[in-house]
Structure formats: C-alpha cells, structure tokens
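Numbering (the numbering used here), first residue to last: 263 to 467.
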C-alpha cells in the first residue's frame, strides 16, 4: 500500500519565492528621490482624498444607527476618550446645517497616511501596487481590523455588520487610489521625471 510523500520545494520554486519577496523590498536610486516634493504632494493628496473618502460613505454609510454607533463613531470616541476633547463643544453651521468638528480628525488621518504613502513610495515602489489599492487594503486591516478594536473604538470584528466591512474596504480603495493618482501626476509634473524606479530613458512612463 503506497503512502503519499511530501515533496520538498524545488530550487526553481524557492528561487521564484525568494525573487518575489526580494522585489517587494526593492529600493529606488537615492539620487532619484525627491522627499520634499513627496511631502508637498502628500499634503495635497491627503486633503483632496479626504473628500473622496467622505464621498464614498454617502452611498455606503459605514456605521449603523443601532447602539448609537453612527453618532459615537471612532473619531468621536478617540477625541473624547483619548484626547479629552468634547466633540460636541465646538460646532459651526453652514447652509443651515450644524457641522461637528469631528471631521478634523478625518482630514488629519488622511494627511498622515497620504504623506507617509508618498514618502515611502520614493524608496519602496511596490507600495504603489495596483495603483495604491494594495496600500489601501493594508491600511484597512491595520486600522479597522487591528487598531480600532484594540483601542475600543469599535466592537470586536465578529460583531461588525457586513455593511461596515463593505463600506470601509471600498472607501479605502478609492481613497488610496485617489492619493496615488494625485501623487504620480503632481510628482511627475513638478520634477519633469517619471517615478524613481522608471529609467529616465524609457519612452513610455
């Protein structure tokens, strides 16, 4: 009676895995990096993409009204519980609507990640995989899948409705996609060069 035997990976397979892993950490030429431009573009991309993220939540609201989660959202809880700021203390009106300044944390959140993304892209080009979509998915996992539940800003993942997953995943995809579109266009316009990993002699950029 024959027994199934596990076959070790071939040198070719190991080589492909190693090459794939190494490509993820491939760095650009230091002389081609423009950190100042990346910082400025990150600020611009962070502000504009914050409105993109807001817009994505209009057709797909991320939180339900059950249990007050729509009102006591993560930014609200973070300001109140971790910074000691009463989010209801300061409001303003626009077009007869009462606006809560909790949205400031949304813009700051977008700025931090957009600036970080643009700076990292100068060194590690693979962060731009799928035109920024991969970075958006990674941030979704790191922030909404790990950080928020650990900080008590959201319930455990098992208690979140499917709609919240759909909203956050879709929102983060279009958010980072817009950051990448702005980053690539503005960086290339300012420097008159392609991204640092692209040869200057390449006709198609």
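For glycine and all other residues, C-beta sits at the position ideal for the given N, C-alpha and C.
Inter-residue spacing [alpha-carbon to alpha-carbon] between residue i and residue j
{"i": "residue 354", "j": "residue 363", "result": "8 Å"}
{"i": "residue 464", "j": "residue 440", "result": "25 Å"}
{"i": "residue 390", "j": "residue 298", "result": "19 Å"}
{"i": "residue 351", "j": "residue 443", "result": "37 Å"}
{"i": "residue 319", "j": "residue 276", "result": "43 Å"}
{"i": "residue 445", "j": "residue 401", "result": "18 Å"}
{"i": "residue 418", "j": "residue 406", "result": "10 Å"}
{"i": "residue 265", "j": "residue 395", "result": "Any reading at residue 265 must be qualified, since the residue scores a pLDDT of 48, below 50, and its modelled position is unreliable; the value itself is stated next. Straight-line Cα distance between these residues: approximately 44 Å."}
{"i": "residue 420", "j": "residue 452", "result": "46 Å"}
{"i": "residue 336", "j": "residue 314", "result": "19 Å"}
Residue span of the beta strand (DSSP E) that contains residue i, given as start and end
{"i": "residue 360", "result": "359-361"}
{"i": "residue 354", "result": "354-356"}
Selection from the options that minimises the alpha carbon distance to residue i
{"i": "residue 397", "options": "357, 435, 360 and 418", "result": "435"}
{"i": "residue 381", "options": "356, 300 and 326", "result": "300"}
{"i": "residue 372", "options": "288, 285 and 303", "result": "303"}
{"i": "residue 432", "options": "321, 285, 274 and 288", "result": "321"}
Boundaries of the alpha helix (DSSP H) in which residue i is found, first to last residue
{"i": "residue 369", "result": "365-385"}
{"i": "residue 435", "result": "424-453"}
{"i": "residue 472", "result": "Nothing about residue 472 can be reported from this structure: the residues present for the chain run from 263 to 467 only."}
{"i": "residue 340", "result": "336-343"}
contact_flag[the segment 453-461, the segment 284-299] where n(CB pairs < 8 Å) is 3 or more: Short answer: they touch.
Segment contact flag, the segment 407-420 with the segment 334-346, C-beta cutoff 8 Å, min 3 pairs: Verdict: yes, contact present.
The segment 298-314 / the segment 375-391 touching (three or more Cβ pairs under 8 Å): Contact check between the segment 298-314 and the segment 375-391: three or more CB pairs, one atom from each, fall below 8 Å, which counts as touching.
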